[in-house]
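Participant: For reference, the structure I am asking about is given below.
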Amino acid sequence: GSFAAAGRNKGRTAAIVNSLLGGCARPDRPAPETARLLLEALDRASGSTEICPDVVTFCAAYSALARGGPAYGSFAADVLERARRHGKKLAGSKRRRAQAASRRRFGSGGA
């Protein structure tokens with residue numbers, strides 16, 4: 142599959158992918174292989190389409206993979222680690238933006 146058709150609808154495409162992953166995580170009928178394939182397709186397309194996994198993507202993918210049993214344990218652990226790194230990166234970006242705003246507001250000397 143390809144995400145190239147996303148064009149200007151990146152948010153909508155990401156929401157659809159997250160919905161599909163959420164469906165893969167249903168407790169009564171988990172689909173860990175489908176979730177794994179969707180995440181791999183998203184990873185391959187992320188450079189060219191600017192559609193990147195977010196915390197919802199990681200959560201849904203982890204839930205689906207964790208319900209897949211021991212065969213998907215390493216995939217689930219990888220998604221969990223990626224989610225941790227993603228959160229850390231977002232926190233760093235937020236902190237840097239706050240520092241830059243403070244410098245603009247109060248000058249380079251801080252508060």
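This note's numbering runs 141 ahead of the 1-based position in the sequence shown. Every residue gets a Cβ at the ideal spot worked out from N, C-alpha and C, and that includes glycine.
(1) Looking at the structure shown, is ASP219 part of a helix, part of a strand, or coil, going by DSSP?
(2) Please confirm if the region 234–246 is in contact with the region 203–218, defined as three or more CB-CB distances below 8 Å between the two stretches.
(3) Is it true that the CB of LEU179 sits closer than 8 Å to the CB of VAL197?
(4) Any heavy atom of the ligand NAP inside 7 Å of the beta-carbon of ALA201?
(5) Are there 16 or more other CB atoms within 10 angstroms of the CB of ALA252, so buried, or fewer, so exposed?
(6) Grab me the residues of ALA207's own chain with a C-beta within less than 6 Å of its C-beta, minus the 5 sequence neighbours each way, in chain order.
(7) Measuring straight from C-alpha to C-alpha, what distance separates CYS200 and SER160?
(8) Using a threshold of 8 Å, state whether the C-beta atoms of ALA155 and ALA176 are closer than that.
(9) What residue range does the alpha helix (DSSP H) around GLY152 cover?
Facilitator: With the given structure in hand:
(1) The answer is helix: DSSP assigns ASP219 an H, G or I state.
(2) Taking 8 Å as the limit for Cβ pairs, the verdict is that the region 203–218 does not touch the region 234–246.
(3) No. Outside cutoff.
(4) As for the ligand NAP, it is missing from this structure, which has no ligand bound.
(5) The predicted position of ALA252 is uncertain, since its pLDDT is 47 and thus under 50; no value can be drawn from it.
(6) So the qualifying residues of the chain are ALA217.
(7) Their Cα atoms are separated by approximately 11 Å.
(8) Result no, Cβ atoms of ALA155 and ALA176 do not sit closer than 8 Å.
(9) Here the alpha helix (DSSP H) through GLY152 covers 151–165.
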